[in-house]
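Visitor: Protein sequences appear in the order of chains G and D.
Using my numbering, read the first sequence as starting at 64 and increasing by one per residue.
Using my numbering, read the second sequence as starting at 4 and increasing by one per residue.
Even glycine gets a Cβ: it sits at the ideal position worked out from N, Cα and C.
In this text, all values refer to a predicted model and were calculated from it rather than measured experimentally.
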Amino acid sequence: DQQVKQNSPSLSVQEGRISILNCDYTNSMFDYFLWYKKYPAEGPTFLISISSIKDKNEDGRFTVFLNKSAKHLSLHIVPSQPGDSAVYFCAASADTNAGKSTFGDGTTLTVKP
Amino acid sequence: DVKVTQSSRYLVKRTGEKVFLECVQDMDHENMFWYRQDPGLGLRLIYFSYDVKMKEKGDIPEGYSVSREKKERFSLILESASTNQTSMYLCASSVSGTGRNNEQFFGPGTRLTVL
């Protein structure tokens, strides 16, 4: 049973437009959500996170939205830049989970100049 | 600057060999993790350690073991490498706790090929 799902394996957008990456989860115990970005031949790096007590968190061009009732979160990148081209992983953790996170399969974002 | 290092970027081994992957973090983190990343399968947790000499199986521990004798070092061991263990291996660390502390810091990865 996959508890965190990123249903779009890939996404292609034009430079300057908005990129929206989606993530769904099934475990209602998850209370903290993170997005990581991964370039080829590098480890993932933390991008932005959101606590379940919030519905939005913004950091520069990146905004994460959380809809708890739908068990859905999304990452918005505005405006998209070619350097944003990477694999994006959604991750979720629970207070009871001893620091572990459950990761989605990732979405490969390509931003075309 | 926080750092997680892995002993090798690329490794080629033969079937049946014993393989050691080493990971070192300099952030005094309690938690350390080993994942493997395969196309279309995301990051799958192999083993997790929350303290020295403490370990916990992840989602896919079969064929792997781990060792954590010192806080900063977490080793992944393939007792008898098989071709289906060809993968990208990622080590990560984090502080203990919840919420913001769940952010994990990753090493650059080891691309292991088993022939």
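With 8 Å as the threshold, decide whether the Cβ of S97/D is near any Cβ in chain G.
Guide: As a working mapping, residue 97/D is identified with position 94 in the second sequence. By this cut-off, S97/D is an interface position.
Visitor: Does D168/G come within less than 8 Å of chain D when only Cβ atoms are used?
Guide: The residue labelled residue 168/G in the question sits at position 105 within the first sequence. At least one chain D Cβ lies under 8 Å of D168/G.
Visitor: Quick one: is A133/G buried, meaning 16 or more other Cβ sit within 10 Å of its Cβ, or exposed?
Guide: Stepping through the first sequence from its first residue, residue 133/G is reached at position 70. Under this definition A133/G is an exposed residue.
Visitor: Spell out whether any CB of chain D is found under 8 Å from the CB atom of S75/G.
Guide: Mapped onto the first sequence, residue 75/G falls at position 12. It does not; no Cβ of chain D falls within 8 Å.
Visitor: Could you give the distance in angstroms between the alpha-carbon of L12/D and the alpha-carbon of C94/D?
Guide: The count along the second sequence starts at 1 and reaches residue 12/D at position 9. The count along the second sequence starts at 1 and reaches residue 94/D at position 91. Per the sequence shown, residue 12/D should be read as Arg rather than Leu. Roughly 12 Å separates the two Cα atoms.
Visitor: For M30/D and S52/D, which I take to be in contact (beta-carbon distance under 8 Å), what is that distance rounded to the nearest angstrom?
Guide: To locate residue 30/D, count along the second sequence from 1; it is residue 27. To locate residue 52/D, count along the second sequence from 1; it is residue 49. Cβ atoms of M30/D and S52/D stay farther apart than 8 Å, at about 14 Å.
Visitor: Using only CA atoms, which one of G100/D, G110/D, V69/D lies nearest to K56/D?
Guide: Here residue 56/D refers to the residue found at position 53 of the second sequence. Among G100/D, G110/D, V69/D, the Cα nearest to that of K56/D belongs to V69/D.
Visitor: Which whole-angstrom value is the C-beta distance of E33/D and S99/D, which I expect to be below 8 Å?
Guide: By one-based count along the second sequence, residue 33/D stands at place 30. By one-based count along the second sequence, residue 99/D stands at place 96. So it is a contact: roughly 4 Å between Cβ atoms.
Visitor: To test your reading of the DSSP string, which unbroken beta strand (DSSP E) runs of 3 or more residues are found completely within the segment 111-165 of chain G?
Guide: Entirely contained in the segment 111-165 of chain G, the beta strand (DSSP E) runs reaching 3 residues are, in chain order, 119-122, 125-130, 135-140, 149-157.
Visitor: Confirm, please, whether the CB-CB distance from L97/G to A154/G is below 8 Å.
Guide: The residue you call residue 154/G lines up with position 91 of the first sequence. The residue you call residue 97/G lines up with position 34 of the first sequence. Contact check for A154/G against L97/G passes: the beta carbons are separated by less than 8 Å.
Visitor: So the candidates are Q69/G, D87/G, K68/G; which of them puts its Cα closest to the Cα of L177/G?
Guide: Because chain G is modelled from 64 through 176, residue 177/G falls outside the range shown and cannot be assessed.
Visitor: Quick check on Q88/D: does DSSP put it in helix, strand or coil?
Guide: By 1-based counting over the second sequence, the position of residue 88/D is 85. Correct three-state label for Q88/D: helix.
Visitor: Going along chain G, which residues have a C-beta under 8 Å from L79/D?
Guide: Position 76 of the second sequence, counted from the first residue, corresponds to residue 79/D. Under the 8 Å cutoff, chain G gives no residues; its nearest Cβ is about 15 Å from L79/D.
Visitor: Just to confirm the assignment: which complete alpha helix (DSSP H) runs, minimum length 4, are found wholly within the segment 34-108 of chain D?
Guide: none
Visitor: Checking contacts by CB at 8 Å: is Y124/D closer than that to chain G?
Guide: Coverage of chain D is limited to positions 4 through 118, which leaves residue 124/D absent and any answer about it impossible.
Visitor: Check each residue of the segment 86-118 of chain G: if its Cβ is closer than 9 Å to any Cβ of chain B, include it; give the result in chain order.
Guide: No chain B appears in the structure shown, which is made up of the protein chains G and D.
Visitor: Determine the burial state of P176/G: buried for a count of at least 16 other Cβ atoms within 10 Å of its Cβ, exposed for fewer.
Guide: Here residue 176/G is taken as the residue at index 113 of the first sequence, counted from 1. Classification of P176/G: exposed, given that the 10 Å Cβ count is below 16.
Visitor: To the nearest angstrom, how far is the alpha carbon of S112/G from that of R17/D?
Guide: Here residue 112/G corresponds to residue number 49 of the first sequence, with the count starting at 1. Here residue 17/D corresponds to residue number 14 of the second sequence, with the count starting at 1. Approximately 41 Å between the Cα atoms of the pair.
Visitor: I'd like the list of long-range same chain contacts for G61/D, defined as Cβ closer than 6 Å, with 5 residues on each side in sequence excluded.
Guide: On the second sequence, residue 61/D is found 58 positions in, with the first residue counted as 1. By the criterion of a C-beta distance shorter than 6 Å, G61/D is surrounded in its chain by L48, I49, Y50, F51, once the five residues flanking it on both sides are discounted.
Visitor: CA-CA distance, L84/G and F23/D?
Guide: As a working mapping, residue 84/G is identified with position 21 in the first sequence. As a working mapping, residue 23/D is identified with position 20 in the second sequence. Taking the Cα positions, L84/G is about 36 Å away from F23/D.
Visitor: Exposed or buried, what is E106/D when buried is set at 16 or more other beta-carbons lying within 10 Å of its beta-carbon?
Guide: Taking the first residue of the second sequence as 1, we reach residue 106/D at position 103. Under this definition E106/D is a buried residue.
Visitor: Per DSSP, D87/G is paired with what?
Guide: The residue you call residue 87/G lines up with position 24 of the first sequence. Paired residues: K68/G, H135/G.
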